[in-house]
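Comments concern the structure below.
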Amino acid sequence: MKEILAAIWSYRHFIVSSIRNDLRSRFARSKLGALWMVLQPLAQVAIYALVLSRIMAAKLPGIDNRYAYVIYLMAGMIAWSLFAEVVTRSLTVFVDSGNLMKKMAFPRVCLPIVIGGSSLVNNLLLLATSIGVFLLIGHPPTMAMLWLPLLIGINLAFGLGLGLILGVLNVFVRDVAQVMTVVLQLLFWLTPVVYMPTIIPERLRAILEFNPMMHMVVAFQSVMLYGRAPGLNGMIVMALASAVLLLLALFLFRRAAPEMVDVL
Amino acid sequence: MNEPLLAVRELGKAFREYRSEWQRFAGWFGFKVSTKSESWVLRDISFSVANGESIGIVGQNGAGKSTLLKLITGTLKGTTGRVTVNGRIAAILELGMGFSPDLSGRENVYHSAGLMGFSRQAIDEVIDDIEAFAEIAGYFDEPARMYSTGMQMRVAFSVATAFRPEILIVDEALSVGDAYFQHKCFKRIREFREQGTSLLIVSHDAGAVQSLCDRAILLDSGRLLKDGDPAAVMDLYNALIADRENSSIQVADHVSGREQTVSGTGEASVEEIALYNAMGEPVEFVDVGQPVTLRIRVVARNDIPRLVLGYMIRDRLGQPVFGTNTHHTKQVLENVAAGTKVDYRIDFPMNFGQGDYSISTALVSTDTHLVNNYEWRDLALVFKVANMSRMEFVGTAWVPPTIEASRS
Numbered sequence: 016m017k018e019i020l021a022a023i024w025s026y027r028h029f030i031v032s033s034i035r036n037d038l039r040s041r042f043a044r045s046k047l048g049a050l051w052m053v054l055q056p057l058a059q060v061a062i063y064a065l066v067l068s069r070i071m072a073a074k075l076p077g078i079d080n081r082y083a084y085v086i087y088l089m090a091g092m093i094a095w096s097l098f099a100e101v102v103t104r105s106l107t108v109f110v111d112s113g114n115l116m117k118k119m120a121f122p123r124v125c126l127p128i129v130i131g132g133s134s135l136v137n138n139l140l141l142l143a144t145s146i147g148v149f150l151l152i153g154h155p156p157t158m159a160m161l162w163l164p165l166l167i168g169i170n171l172a173f174g175l176g177l178g179l180i181l182g183v184l185n186v187f188v189r190d191v192a193q194v195m196t197v198v199l200q201l202l203f204w205l206t207p208v209v210y211m212p213t214i215i216p217e218r219l220r221a222i223l224e225f226n227p228m229m230h231m232v233v234a235f236q237s238v239m240l241y242g243r244a245p246g247l248n249g250m251i252v253m254a255l256a257s258a259v260l261l262l263l264a265l266f267l268f269r270r271a272a273p274e275m276v277d278v279l
Numbered sequence: 065m066n067e068p069l070l071a072v073r074e075l076g077k078a079f080r081e082y083r084s085e086w087q088r089f090a091g092w093f094g095f096k097v098s099t100k101s102e103s104w105v106l107r108d109i110s111f112s113v114a115n116g117e118s119i120g121i122v123g124q125n126g127a128g129k130s131t132l133l134k135l136i137t138g139t140l141k142g143t144t145g146r147v148t149v150n151g152r153i154a155a156i157l158e159l160g161m162g163f164s165p166d167l168s169g170r171e172n173v174y175h176s177a178g179l180m181g182f183s184r185q186a187i188d189e190v191i192d193d194i195e196a197f198a199e200i201a202g203y204f205d206e207p208a209r210m211y212s213t214g215m216q217m218r219v220a221f222s223v224a225t226a227f228r229p230e231i232l233i234v235d236e237a238l239s240v241g242d243a244y245f246q247h248k249c250f251k252r253i254r255e256f257r258e259q260g261t262s263l264l265i266v267s268h269d270a271g272a273v274q275s276l277c278d279r280a281i282l283l284d285s286g287r288l289l290k291d292g293d294p295a296a297v298m299d300l301y302n303a304l305i306a307d308r309e310n311s312s313i314q315v316a317d318h319v320s321g322r323e324q325t326v327s328g329t330g331e332a333s334v335e336e337i338a339l340y341n342a343m344g345e346p347v348e349f350v351d352v353g354q355p356v357t358l359r360i361r362v363v364a365r366n367d368i369p370r371l372v373l374g375y376m377i378r379d380r381l382g383q384p385v386f387g388t389n390t391h392h393t394k395q396v397l398e399n400v401a402a403g404t405k406v407d408y409r410i411d412f413p414m415n416f417g418q419g420d421y422s423i424s425t426a427l428v429s430t431d432t433h434l435v436n437n438y439e440w441r442d443l444a445l446v447f448k449v450a451n452m453s454r455m456e457f458v459g460t461a462w463v464p465p466t467i468e469a470s471r472s
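Taken in sequence, the protein lines are chains A and B.
First residue of the first sequence? That's 16 in this note's numbering, and the numbers climb one at a time after it.
First residue of the second sequence? That's 65 in this note's numbering, and the numbers climb one at a time after it.
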C-alpha cells in the first residue's frame, strides 16, 4: 500500500499530464473543443425533457418550478454520467493500454487514476454548467449543495472500484466488457434518472432498493432539487461498499499485475 | 559498495495456460490450481553486470533475448528468480511509445519523460538540450502528427537519452532515421559509456559486440549457454547458427589462452594448416609486407558433392581483417570422394599492421556456412605480424603511400 502511494507520488507529473492530454486529445481539432464535454450530456437532458416532461412533471409534488423535471433529470444525470464513464473506461483501460504496458515500465496504478481524474474534471464541468442552468431557470443553489463534494467522492470511488475489478477480469476474459455494456444500459433504466421511483408499482419498488446506483442518484436529487441532506443510511452503505470494492480491486490488481502483461 | 549494478539470479519465465480463466482467478485467492500447460521461455539465467561494464546479448530469434530485456526493465515479472537493479535503466528499444499525435513535440517530450518518471522541473532543465539534439527546428512546436517517422524518432531518442542512465539498453539494429542522426546517436551512446553507463546491447553483429562490449552472453532456447569474452561468445554463436543437422560443436582451450570453437558435421576437416615464408620455411612471426604462403591440407571423410574452402584472418579482437573462399575465386571442387586429401596453397603479401592475428577456416558447400557446414574451425592458426623493415604506421592495414609535399 505504501509503495503504491510512493509510486503515485513520484509519477504525479505523468498523471497530471496524462489527464490533461486525455481531455485535450478527446476534443483536439473539433471546433467547439471542451464545450462538447458538457454539450453531450446537456443534449441528452434536453431530449428526455422534451419527450417526457409532460408525463413526468406532474409526478414531482412539492416543487414550485415549471422546470422541476429538468432539474431532476440533470441531478440524476450528473451522478449517472460519472459512474458510467468511470466504469466503461476502467473496464477496457488495461486492454487499451496493452501496448504501452508491454513496452514501458511504469506503475500501472497510474492508469486508473488518470481515468478517475479525467472523468472527475469532466463531471465537475458538467456540474458547473448545470448550476448555471439552474440559475437561469430560477433555482438558486442551496446549502445542501455542500454535500456534493462528498457525494461525488463516493460516486467516483464506487465507479472506480467496480470498474477496476471488471477491468482486471476483462484482461483475461474479454467477454466481460461486452456483457457490461448491456448490463450498464439495463442498470440505467433500473435507476430513477429519467423517471421517479413513485411511478413504479409498490411491490416492484423493492427491487430498485438493491440497485446501489439508485441510492446515489436519489442522494444527488435530494441535494440538488429538494435542497435536503441525502439519506444517511444509503450514503453510509454506499461509502462502505465503495471502500470494500476499492480494496478488493487493489488486491485483485496486485495479484493480476504480474500475469497481465503476459496475456495482453 | 560491492553490490553489482545489475544482478540476475536464477531468473525464469513461464507463460502459463489454465484450463479455464476461472482457475487463474481462483489462484489469486490462494487456491491451488493446476495449469494446463507451461511454456518456459527463459530458465535459470544468472549473471551480473558491474558498474560501467558493457554486455552484449546474442542469440537467435526466439532465444529469449527480448523476454530477458523485458524482465530487466520490469515490464514483465519473472516466474522464478529475481532481478536486482541499483540504478536507473533506460531502454532505446521502443522509441516513441506514448507519443500522442495531437500534441506538439515539446508536449510529447514532457509527457513521455513523465512516463519515465521525471518531474516537470527536471525536464525544464534539459528541454533546450533535447530540442537542440533532435534538430527538427520549427517542427518541435508542431503537432506530432505532422512529423515524418524519422523526425519522431529524433525526438523520441532525444528524450530517451536526455538523462544519463546507469544502464542503457540498446538494440544494435536500432534505426533512428538517416545516417547522420544514426551517427549522432551512437556518439551519444559511446559518450554515456565513457561516463560510466553500462550498456546492454542486443545484436547479431559480431563487430558491434566485440567493439562495444566487455563481455557477451549467449542465449539459446531460453538458457544461458555462455557468458564470457565477446570474441569467444561470438565464435560459439557463429557455430550455433550453422547447419545443425549431425553437427557437433566443441569448445576447447587454445594454446593462445583463448577458447577455440570447432563445429560442423565433420564430413571434411582441416588436417594441417601452416604459414610459410618465401624460402618455404614455416613461420609464426611475419614482417609487414612479406610474401607468405598459407598451406591448408583438407581431408574428406565422406563423399562430398561440393567442397569450398573459406578462410578468414582476424585481428586480436576477432574482427575480420580479410577473408574469402574458393566459391568466390571459382575454384569449387566437385564430387570429392571419401579419403581424398586436398592441398590448398594460398599466396599473399602480409600487408597487415603489427599485432596478433588468427585464421578461421571453413569447409562448406556454398559461400556460406549456414547451409552445409562440414567444419568451421576458429583459431585454426595464430601468428604475429611485426614491423621490422617498414616505416612506422598504425592500423591493421599496410597501404604504403607515396607522399608529395610541396611548398608554395
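Yeah, the Cβ is synthetic: ideal placement off N, Cα and C, and Gly gets one too.
| Residue environment, GLY327(A), which counts as buried when at least 16 other CB atoms sit within 10 Å | The structure shown does not extend to residue 327(A), since chain A is modelled only from 16 through 279, so no value can be given for it.
| request: Grab me the residues of PRO245(A)'s own chain with a C-beta within less than 7 angstroms of its C-beta, minus the 5 sequence neighbours each way, in chain order. | output: Listed in chain order, the non-local C-beta contacts of PRO245(A) below 7 angstroms within the same chain comprise TRP162, LEU166, ALA234, SER237 and VAL238, local neighbours out to five positions each way being set aside.
| By DSSP, does VAL435(B) sit in helix, in strand, or in coil? | Coil at VAL435(B), not helix or strand.
| Distance, LEU283(B) Cα to MET65(B) Cα | Because the pLDDT at MET65(B) is just 49, under 50, the model does not fix this residue reliably, and the value given afterwards should be weighed accordingly. Counting only the Cα atoms, LEU283(B) lies some 29 angstroms from MET65(B).
| field | C-alpha distance - GLY116(B) paired with ASP278(B), whole-angstrom precision | value | One C-alpha to the other measures close to 10 angstroms.
| Is the distance from the Cβ of PHE203(A) to the Cβ of TRP51(A) below 8 angstroms? | No, the Cβ-Cβ distance between PHE203(A) and TRP51(A) is not below 8 angstroms.
| task | Report yes or no: is there a C-beta of chain B within less than 8 angstroms of the C-beta of ARG44(A)? | result | Yes, ARG44(A) lies at the interface with chain B (some Cβ there is under 8 angstroms from its Cβ).
| query | When you check each C-beta in the segment 92-105 of chain B against every C-beta of chain A, which residues fall closer than 7 angstroms? | reply | The segment 92-105 of chain B vs chain A, Cβ under 7 angstroms: TRP92.
| CB-CB under 7 angstroms to MET215(B), same chain, minus the five flanking residues each way: which ones, in chain order? | The answer, listed in chain order, is ILE200 and TYR203.
| task | Please determine, among ARG218(B), GLU258(B) and ILE233(B), the residue with the shortest C-alpha to C-alpha distance to GLY247(B). | result | First, the amino acid is wrong: residue 247(B) is His here, not Gly. Of ARG218(B), GLU258(B) and ILE233(B), the residue nearest in Cα terms is ARG218(B).
| If SER262(B) sits next to SER84(B), beta carbons under 8 angstroms apart, how far is it from one beta carbon to the other, in whole angstroms? | Taking the Cβ atoms as the reference, SER262(B) lies roughly 44 angstroms from SER84(B), outside the contact range of under 8 angstroms.
| query | Between the Cα of ASP37(A) and the Cα atoms of PHE266(A), ASN226(A) and SER112(A), which residue gives the shortest distance? | reply | Of the candidates PHE266(A), ASN226(A) and SER112(A), the one whose C-alpha sits nearest the C-alpha of ASP37(A) is SER112(A).
| request: Specify the secondary structure class of ALA198(B) as computed by DSSP and reduced to three states. | output: Residue state, collapsed to three classes: helix.
| request: Pull up the CB-CB distance for ALA332(B) and ILE305(B), whole angstroms please, since I reckon it's below 8 angstroms. | output: With a Cβ gap of about 20 angstroms, ALA332(B) and ILE305(B) do not count as contacting.
| query | Going by alpha carbons, who is nearest to ILE187(B) out of HIS175(B), ALA196(B) and PHE197(B)? | reply | Measuring from the Cα of ILE187(B), the nearest candidate turns out to be HIS175(B).
| query | Can you list, in chain order, the residues of its chain whose CB lies under 6 angstroms from that of GLN324(B), leaving out five sequence neighbours each side? | reply | Residues ALA316, HIS318, ASP442 and LEU443 of the same chain have their beta carbon placed closer than 6 angstroms to that of GLN324(B), with the five preceding and five following residues left out of the count.
| Short CB-CB distance (under 8 angstroms) between LEU167(B) and chain A | It does: the Cβ of LEU167(B) has a partner Cβ on chain A nearer than 8 angstroms.
| field | Residues near THR137(B) by beta carbon distance below 8 angstroms, same chain, minus five either side | value | Excluding residues within five positions, the ones whose Cβ falls inside 8 angstroms are ILE153, ALA155 and ILE233.
| query | Would ASP420(B) pass as a contact of VAL446(B) if the rule is Cβ separation under 8 angstroms? | reply | Between ASP420(B) and VAL446(B), the C-beta spacing is below 8 angstroms.
| said: I'd like the span of the alpha helix (DSSP H) that includes SER133(A), first residue to last. | reply: Per DSSP, the continuous alpha helix (DSSP H) segment holding SER133(A) begins and ends at 125-151.
| What residue range is occupied by the uninterrupted alpha helix (DSSP H) comprising SER25(A)? | Here the alpha helix (DSSP H) through SER25(A) covers 17-25.
| field | Option nearest GLU206(B) by Cα separation, candidates SER101(B), SER472(B), ALA224(B) and VAL173(B) | value | Comparing Cα positions, the closest option is VAL173(B).
| task | Measure from the alpha carbon of VAL352(B) to the alpha carbon of each residue in TRP462(B), ASN366(B) and THR432(B), then state which is nearest. | result | Nearest C-alpha to VAL352(B): TRP462(B).
| request: Indicate the three-state DSSP secondary structure (helix, strand or coil) for SER103(B) in the structure shown. | output: When DSSP states are grouped into helix, strand and coil, SER103(B) belongs to the strand group.
| query | Among SER112(B), LYS129(B) and LYS141(B), which one has its Cα closest to the Cα of ALA272(A)? | reply | Checking every option, the nearest Cα to that of ALA272(A) belongs to LYS141(B).
| Which word fits LYS290(B), buried or exposed, when buried means at least 16 other C-beta atoms lie within 10 angstroms of its C-beta? | With a 10 Å radius around the Cβ and a threshold of 16 neighbouring Cβ atoms, LYS290(B) comes out buried.
| task | Using beta-carbon positions only, say whether LYS405(B) and ARG361(B) come within less than 8 angstroms of one another. | result | Contact flag set, yes.
| When you check each C-beta in the segment 166-190 of chain B against every C-beta of chain A, which residues fall closer than 8 angstroms? | Answer in chain order: ASP166, LEU167, GLU171, TYR174, HIS175, GLY178, LEU179, MET180, GLY181, PHE182, SER183 and ARG184.
| field | Closest Cα partner of GLN274(B) within the set LEU159(B), SER183(B), LEU75(B) and VAL122(B) | value | When each option's Cα is compared against that of GLN274(B), the closest is VAL122(B).
| query | For a contact meaning CB atoms closer than 8 angstroms, what does LEU267(A) contact in chain B? | reply | Contacts between LEU267(A) and chain B, judged by CB atoms closer than 8 angstroms, involve TRP92 in chain order.
| request: Let me know the secondary structure DSSP gives ASN399(B) once reduced to three states. | output: Assigned with DSSP and collapsed to three states, ASN399(B) falls in strand.
| task | Give me the Cα-Cα distance between MET160(A) and VAL129(A), rounded to the nearest whole angstrom. | result | In a straight line, the C-alpha of MET160(A) is about 26 angstroms away from that of VAL129(A).
| message | DSSP three-state label for PRO369(B), please. | response | The three-state reading of DSSP puts PRO369(B) in strand, counting E and B together.
| message | Within the continuous alpha helix (DSSP H) that includes GLU224(A), where are the two ends? | response | Per DSSP, GLU224(A) belongs to the alpha helix (DSSP H) from 217-224.
| Identity of the residue in PHE386(B), ILE377(B), TYR408(B) and VAL372(B) nearest LEU397(B) by Cα | Measuring from the Cα of LEU397(B), the nearest candidate turns out to be VAL372(B).
| request: Within 10 angstroms of the Cβ of THR329(B), are there 16 or more other Cβ atoms? Answer buried if so, exposed if not. | output: Buried is the call here.
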